[in-house]
Each structure stands twice: as C-alpha cells, then as structure tokens.
C-alpha cells in the first residue's frame, strides 16, 4: 500500500516503517497519524514480517504534533480529532509483533510518547527527549500513559510538568530507551536487535507480547492465572515442540509460526 507521509519496506522478516516528513522534523499531522496506524496494521497482517522498526527520515525521529492542525474548538469537536492522536499508541500495544523505535535527533511531545509506546527503543547519542507541550499551554496527556509505564511516576511527572529535555544517556538511565549508540551505529544496532527477536519463534513472540500487555493491567493473582493459561496455550504450539526437540538434538530450530 502507498502512503502519503510514511514509507514501508520489508526485508528478512523485518518491516521498516519510516516517518517521512523530514522537512517538518516528522511532526505528526492527521494524515501521518492515520498512515502510521494503517502501516502498523498492514505489517501486523503480513505473515512474513516478525518485527517492526519505526524510524524517522531526516534530522529527527519526531518533534511532536503538528500544532497548526491542533483542535481549538469545543470539547465535543476536539474529542474525535484527539482520539486520532493516540491511535498509534493503542495499535502498538495491541498488535502482536514487537515494534522497535530507532530514534535520533529529537523525540519530543507526541514523538516522545511514540518512543515510550514502542515495545523497545534504540537511540543515538545525539538524541533529546521531552514532553514539551506544557511550554505552549498544553499537556502531554496521551503520552503520559506509556511514559509513566516506562520511567515511573516521579520522573514522568517531572518531564511532563517542566517540559525539560533529557539526553539519550538520561533516557537510558530512567528506562525510556533500551540502548544508546553512536549515530553511525544506530541503524545497525536497531537491525541487530530486530534480527535477534525475529530469529525466535513467531508464535512465542506474539503470544508473549500480548500476554505481557494484558497481564500488566491485572491484579497479581489474576495475572498469574492468566499467564498460566497462556503458557498452556503456548506449550501446545508446534513451535514449542520444535524448540524443545531442537534443544535436545543440539540443532537450530525450524520455526513454523504456529
């Protein structure tokens, strides 16, 4: 499928989704938000794709929402448009394929939320992160949901209330990203992580990701009961049998994806 504001490429079980408004630092307008959502669903439906990398063209990953399109009407009129802003975050959490953010330059406001919402994130040393909406009289409400789950209450509130930027090393220290690398190693680092995950059983990855997000919202004993049921389901999969057999026979498993 062709998109106006993103590009999609596939190679070796990896889907690359590139935000493609480089002249505007990939700020999210309504069309791009819809394109991101559709591209994620397209890659989720592709049985050959096992992992998705999300990155930005040009000088930045994503510098937030396109403020020129921000709704400034009544509550009812604003509601439907704001729902579009948060749709990629919901989609990332509900699709079964891991999404890795490959981040450079700036990831601010909704861009920072997008990084927090991705399952994993690798950033270059030159990257700055921030929930900067407070600086223009707004608040990063949608991004606060994934951000607080990554960095905890105190740090997320500090970022949300001050609008201050943090560098990549600080983002790594507080748990917003998984790895920091030099800019010339960024693409390789993200691809190596994606390939490592793609080499695992697709059914184990997909059941595991879905179970992880579902159990996060459950009370502890209910989470354990739910995870036991998911383990019973996964154990019955052909890939589980193949993985155990390959381990015992000291050979590389041949995953079937079911």
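Residue numbers (the numbering used here): 353 to 610.
Just so it is clear, CB atoms sit at the ideal spot from N, CA and C, and this is done for glycine as well.
Beta-carbon spacing of residue i, residue j below 8 angstroms
i: residue 472; j: residue 496; result: no
i: residue 405; j: residue 382; result: no
i: residue 469; j: residue 509; result: no
i: residue 439; j: residue 389; result: yes
i: residue 482; j: residue 516; result: yes
i: residue 414; j: residue 459; result: yes
i: residue 462; j: residue 371; result: no
i: residue 359; j: residue 392; result: no
i: residue 565; j: residue 494; result: no
i: residue 549; j: residue 401; result: no
i: residue 502; j: residue 527; result: yes
Residue span of the beta strand (DSSP E) that contains residue i, given as start and end
i: residue 459; result: 458-460
i: residue 349; result: For the chain, the structure presents residues 353 to 610; residue 349 sits outside this window and is missing.
i: residue 403; result: 403-408
Element boundaries [alpha helix (DSSP H), containing residue i]
i: residue 389; result: 382-397
i: residue 596; result: 590-600
For residue j and residue i, the rounded distance between their alpha carbons
i: residue 589; j: residue 610; result: 6 angstroms
i: residue 490; j: residue 599; result: 54 angstroms
i: residue 551; j: residue 361; result: 19 angstroms
i: residue 464; j: residue 601; result: 45 angstroms
i: residue 457; j: residue 411; result: 6 angstroms
i: residue 455; j: residue 467; result: 8 angstroms
i: residue 367; j: residue 575; result: 31 angstroms
i: residue 354; j: residue 579; result: 39 angstroms
i: residue 386; j: residue 428; result: 20 angstroms
i: residue 374; j: residue 484; result: 20 angstroms
i: residue 553; j: residue 583; result: 14 angstroms
i: residue 430; j: residue 603; result: 57 angstroms
i: residue 384; j: residue 422; result: 14 angstroms
i: residue 594; j: residue 396; result: 24 angstroms
i: residue 619; j: residue 408; result: The question about residue 619 has no answer, for the chain in this structure spans 353 to 610.
i: residue 555; j: residue 596; result: 14 angstroms
Which residue spans inside the region 540-581 form an unbroken alpha helix (DSSP H) run of at least 4? Secondary structure in the region 540-581: the alpha helix (DSSP H) runs of 4 residues or longer, each lying completely within the stretch, are 554-568 in chain order.
What ranges does the beta strand (DSSP E) occupy inside the region 445-530, keeping only unbroken runs of at least 3 residues that lie completely in it? DSSP runs (the beta strand (DSSP E)) wholly in the region 445-530: 451-455, 458-460, 472-476, 480-482.
Examine the Cβ distances between the region 446-466 and the region 547-565 and report whether three or more of them are shorter than 8 angstroms. Yes, since at least three Cβ pairs between the region 446-466 and the region 547-565 fall closer than 8 angstroms, the two stretches touch.
The region 490-507 in contact with the region 538-545 per 3-pair CB rule at 8 angstroms: Flag = no, the region 490-507 and the region 538-545 do not touch.
At least three beta-carbon pairs within less than 8 angstroms, the region 532-539 to the region 476-486: Verdict: yes, contact present.
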